[in-house]
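K.L.:
Protein sequences, first through last, are from chains A and B. Position one of the first sequence corresponds to residue 71 (this note's numbering), numbered consecutively onward. Position one of the second sequence corresponds to residue 7 (this note's numbering), numbered consecutively onward. Here it is: the structure, laid out below.
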Amino acid sequence: MAEEGKAPMIAAEFGAPEPLIAAAASVREREFGELTAYTPLPVPGLVNALGRKPPRASRFAIAGYVFGIVLCFGLICYATLYAYPINVGGRPLFSWPYYIVPTDAIGLLFGALFLLIGFLVMTGLPRLHHPAFDIPGFERASADRFFLCIRPESPKADAAMVERFLRALPNPPLGIHRVRP
Amino acid sequence: MFGRNGRRESEHQENVGEIVSAIAITHPSWKLWWLALLGTGGLLGLLVICLAYLFERGVAVWGNNSFVVWALDIISYDWWMGIACGALLLSAVFLFHGRRGALSRLAQAVALPAGISAGIYPIIHLGRPWFFYWMFAYPNVMNMWPQFRSPLFWDETDIVGFLTVASIFWFLGMVPDFAVMRDHSEKLLRKRLYAIAALGWRGEASHWTRWSQSCRLLALLGVLISINVQWGSSLMYAVSLEPGWHDTLLPVDDIINSIFAGAGVIAVVTSMVRVVYPLRRMIDRDELEFLAWVLLALGIASAFLYATDFFFTAFGGNSFQRDALVHRLTGSLSWTFWMMVGAAQIPVHVLWFRRARRSAGTLFVLGLLVMAGVWGDRAMSILGPLHHDFLPSSVHPWHATFWSIGTWLGTVGIFLAIYLLFLRYLPVVSIIQARQEARLSGRYADPPAAKSKRPGGRLRARVEAYRG
């Protein structure tokens, strides 16, 4: 699956999150290329160290909730006022207090649904394979290893130089692997 | 915290994943599990027989009559839904608490099967259950719409909403755990199945933040839908004309007692899992004590609500309400009231003693008592007004039948079947949360087993080492 002409990805393996964060910060200063990290548990501050903005998942939930309440309340109003107006015990046709419980429930339903869809779309999951799984020993990324991956893109950074830089860190990685993209 | 001794702590991290995965992979206590599944199969068989008879003869086989139109069907529905809402709400609270990963997953796993057990009732209690889809608003050749002002429609949206939120909350929380189990599995089929469930999770940094945020948001949605369902159900009572179904205390009463029931089920499940599985390090006595305080607090809140109801009715209520109260305490169904007081509200006070709070056996028994007690509460609030209405002519007795009790036992079977499958194949404890807790507190110090090169290796030995 190797594409011609692309630089190999360099994966540095760490045994703890702190050296990973330190390494990410110093690699980022040198602007070697695109950085990603794989860890067995959420590491606070890692996303910032990698130079990314933390995502805001709440907008999906809010959008879903608003969509749900508009949909449900609108549907009920359309049905009870226009499509199928029916007088039950002299109650007004637009008896909105009766609509609140289902409207809220459907709003929450769509909030959760949008959140799940948003999560899948933004993370690109589900996915059958990813180049990261080619890193030797990557199954330990779900157990006790922390991987920092660098894809050298800038012309001044070749793979050997990145490796030298990583080895010279105060907390050097336990191992360095090269993976074909 | 990591740094120099980082390697040492990372060993513990790996450990948590191994212990929890090992439960699904090596299946400790499998004899007990099969025995339980066999019993559950019996209950499910009973459910099939009861439903067949019900569909053949109609809802009168449950003993429902023209006055007591809702009997064990709605009592059981309310009871299950209370357990489901309480468990979902508590699991969200445990998640927000941040240090209760073990309890949170066990509680989440209660919510969905309890919701399903509740969800079959609104379908089977219809006169013609095969037309249950008429409750939904969908385009149809009859040009008809459902009656949106009817509690039947509210029930249906509540259940669908609840089940959606609960299942997404449960599933999304397990995705990284599935990845851990995928990497610990050695058999190809098992590995592939966990890999599919893990959605190709690879632990990327930005995925982690998104996952944590989504889980917390789903927990919040879970709290909101639980409150909606419980308050909605008290509104459903309030739109009828029966005495005792219009008090403004009812929504509070419903939500507190449902959380109480949920806590009872969580206590039962947690103490059982602690005894059966090698998880004593994760579900330790501090965990039990935390749960005990929750139970005690809810028991006091529940008793306080009963007392408030008594004082308001006795000193301020009208004569019909007073009559309903007297009937509740002394009438033919007074055993339901005394069941709540005697089985749930009084016994929880044993938890003032430290030894009781830290004993799995006490929590197990108390949890069962609380479940029974809240069942009594639901029976009291539904049967009481129905069989003892305003008019003397509407006073009519009600007796449970074999078929109504059989159906209820069958729904217990549904719950147990799903829960047993969860205990067998899914991560019983949130591996990720347990790791985070271990990182924060170093609680799982001194792992007894040696480090192995392959993550899946020597699991059985390690399970044995953790037992005890």
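All C-beta atoms, glycine included, are put in the ideal place defined by N, C-alpha and C.
When you compare each of B/151, B/119, B/40 to residue 151 of chain A by their alpha carbons, which one comes out closest?
P.N.:
Answer by Cα proximity: B/151.
K.L.:
Determine the burial state of residue 85 of chain A: buried for a count of at least 16 other Cβ atoms within 10 Å of its Cβ, exposed for fewer.
P.N.:
By the neighbour-count rule (16 or more Cβ atoms within 10 Å), residue 85 of chain A is buried.
K.L.:
With a CB to CB cut of under 8 angstroms and the five nearest residues on each side skipped, what residues in its chain are close to residue 190 of chain A?
P.N.:
Once the five neighbours on either side are set aside, the close Cβ partners of residue 190 of chain A are 196.
K.L.:
Enumerate in chain order the residues of its own chain whose CB-to-CB distance from residue 82 of chain B is below 7 angstroms, with the five nearest sequence positions on each side excluded.
P.N.:
Closer than 7 angstroms at the Cβ level, and outside the excluded window around residue 82 of chain B, lie 127, 414, 417.
K.L.:
Quick check: what's the CA-CA separation for residue 164 of chain A versus residue 153 of chain B?
P.N.:
Between residue 164 of chain A and residue 153 of chain B, the C-alpha separation is close to 13 angstroms.
K.L.:
Using beta carbons (cut-off 8 angstroms, strictly below), is residue 238 of chain A in contact with chain B?
P.N.:
Residue 238 of chain A does not count as touching chain B.
K.L.:
Name the chain A residues that come within less than 7 angstroms of residue 227 of chain B, Cβ to Cβ?
P.N.:
Those within 7 angstroms of residue 227 of chain B in chain A are 131, 178, 181, 182.
K.L.:
Please report the residue range of the beta strand (DSSP E) in which residue 61 of chain B lies.
P.N.:
Premise fails: residue 61 of chain B lies in the alpha helix (DSSP H), 36 to 63, not in any beta strand (DSSP E).
K.L.:
So, using beta-carbon positions, are residue 171 of chain A and residue 241 of chain B closer together than 8 angstroms?
P.N.:
Contact: yes.
K.L.:
Answer with buried or exposed for residue 228 of chain A, where buried requires no fewer than 16 other C-beta atoms within 10 angstroms of its C-beta.
P.N.:
Flag for residue 228 of chain A reads exposed.
K.L.:
Please confirm whether residue 138 of chain A and residue 181 of chain A have their CB atoms less than 8 angstroms apart.
P.N.:
A contact, by the Cβ cut-off of 8 angstroms.
K.L.:
Just the Cα atoms here: how many angstroms apart are residue 412 of chain B and residue 62 of chain B?
P.N.:
Approximately 16 angstroms, taken between the alpha carbons.
K.L.:
What are the uninterrupted segments assigned as alpha helix (DSSP H) that are 4 or more residues long and contained completely in the region 358 to 430 of chain B, given in chain order?
P.N.:
Counting whole runs of 4 or more residues, the region 358 to 430 of chain B contains the alpha helix (DSSP H) stretches 360 to 363, 366 to 393.
K.L.:
Could you tell me whether any Cβ in chain B is nearer than 8 angstroms to the Cβ of residue 232 of chain A?
P.N.:
Chain B, which has no Cβ nearer than 8 angstroms to the Cβ of residue 232 of chain A, makes this no.
K.L.:
Would residue 317 of chain B be called buried (16 or more neighbouring beta carbons within 10 Å of its own) or exposed?
P.N.:
Classification of residue 317 of chain B: exposed, given that the 10 Å Cβ count is below 16.
K.L.:
Can you tell me whether DSSP reads residue 249 of chain B as helix, strand or coil?
P.N.:
Note: residue 249 of chain B maps to coil in three-state DSSP.
K.L.:
If residue 223 of chain B and residue 131 of chain A are in contact, beta carbons under 8 angstroms, what's the gap, nearest whole angstrom?
P.N.:
Yes, residue 223 of chain B and residue 131 of chain A are in contact; Cβ-Cβ is about 5 angstroms, under 8 angstroms.
K.L.:
Should residue 84 of chain B go down as buried or exposed, given a rule of 16 or more other Cβ atoms within 10 Å for buried?
P.N.:
Buried: at least 16 other Cβ atoms inside 10 Å.
K.L.:
If you run the structure through DSSP and keep just helix, strand and coil, what is residue 296 of chain B?
P.N.:
In this structure, residue 296 of chain B counts as helix in the three-state DSSP scheme.
K.L.:
Short of 9 angstroms Cβ to Cβ, which residues in the region 157 to 170 of chain A face chain B?
P.N.:
The residues in question are 158, 161, 165, 167, 168, 169, 170.
K.L.:
Do you know whose CA, among B/52, B/419, B/391, lies nearest residue 329 of chain B's CA?
P.N.:
With distances taken between Cα atoms, residue 329 of chain B lies closest to B/391.
K.L.:
Check whether the Cβ atoms of residue 407 of chain B and residue 171 of chain B sit closer than 8 angstroms, and answer yes or no.
P.N.:
It is not a contact, given that the beta carbons lie outside the stated cut-off.
K.L.:
Let me make sure I understand the geometry here. Which of B/394, B/424, B/431 has the alpha-carbon closest to that of residue 74 of chain B?
P.N.:
When each option's Cα is compared against that of residue 74 of chain B, the closest is B/394.
K.L.:
Suppose contacts are defined by Cβ-Cβ distances below 8 angstroms. Is residue 255 of chain B in contact with residue 331 of chain B by that definition?
P.N.:
Their beta carbons are not under 8 angstroms apart, which means residue 255 of chain B does not touch residue 331 of chain B by this criterion.
K.L.:
Are the C-beta atoms of residue 159 of chain B and some chain A residue less than 8 angstroms apart?
P.N.:
Interface residue, yes.
K.L.:
What residues of chain A sit near residue 260 of chain B, judged by a beta carbon separation below 9 angstroms?
P.N.:
Correct list: empty, because the minimum Cβ distance to chain A is about 13 angstroms.
K.L.:
Flag residue 112 of chain A as yes if its beta-carbon sits less than 8 angstroms from any beta-carbon of chain B, otherwise no.
P.N.:
Chain B contact via Cβ: present.
K.L.:
Could you give the residue range of the beta strand (DSSP E) that holds residue 249 of chain A?
P.N.:
Segment 245 to 249, the beta strand (DSSP E) holding residue 249 of chain A.
K.L.:
Is it buried or exposed, residue 451 of chain B, if we count other Cβ atoms within 10 angstroms and call 16 or more buried?
P.N.:
Reliability fails at residue 451 of chain B, whose pLDDT of 38 lies under 50, so the model's placement of it is uncertain and no value is given.
K.L.:
When you compare only the Cα positions, how much space is there between residue 286 of chain B and residue 176 of chain A?
P.N.:
Taking the straight line from one Cα to the other gives about 40 angstroms.
K.L.:
Grab the span of the alpha helix (DSSP H) containing residue 200 of chain B for me, first residue to last.
P.N.:
It spans 194 to 203 - the alpha helix (DSSP H) in which residue 200 of chain B sits, taken as one unbroken run.
K.L.:
Taking beta-carbon pairs under 9 angstroms, can you tell me which members of the region 126 to 158 of chain B lie near chain A?
P.N.:
Residues passing the 9 angstroms Cβ filter: 143, 149, 150, 151, 152, 153, 154, 155, 156, 157.
K.L.:
Since residue 170 of chain B is in the alpha helix (DSSP H), which residue starts that stretch and which ends it?
P.N.:
Residue 170 of chain B -> alpha helix (DSSP H) spans 157 to 190.
K.L.:
Do the region 201 to 214 of chain A and the region 100 to 113 of chain A touch if we need at least three Cβ pairs shorter than 8 angstroms?
P.N.:
The region 201 to 214 of chain A vs the region 100 to 113 of chain A: in contact.
K.L.:
From residue 272 of chain B to residue 146 of chain B, what distance separates their C-alpha atoms?
P.N.:
Between residue 272 of chain B and residue 146 of chain B, the C-alpha separation is close to 43 angstroms.
K.L.:
By the three-class DSSP mapping on this structure, what secondary structure does residue 98 of chain A have?
P.N.:
Helix.
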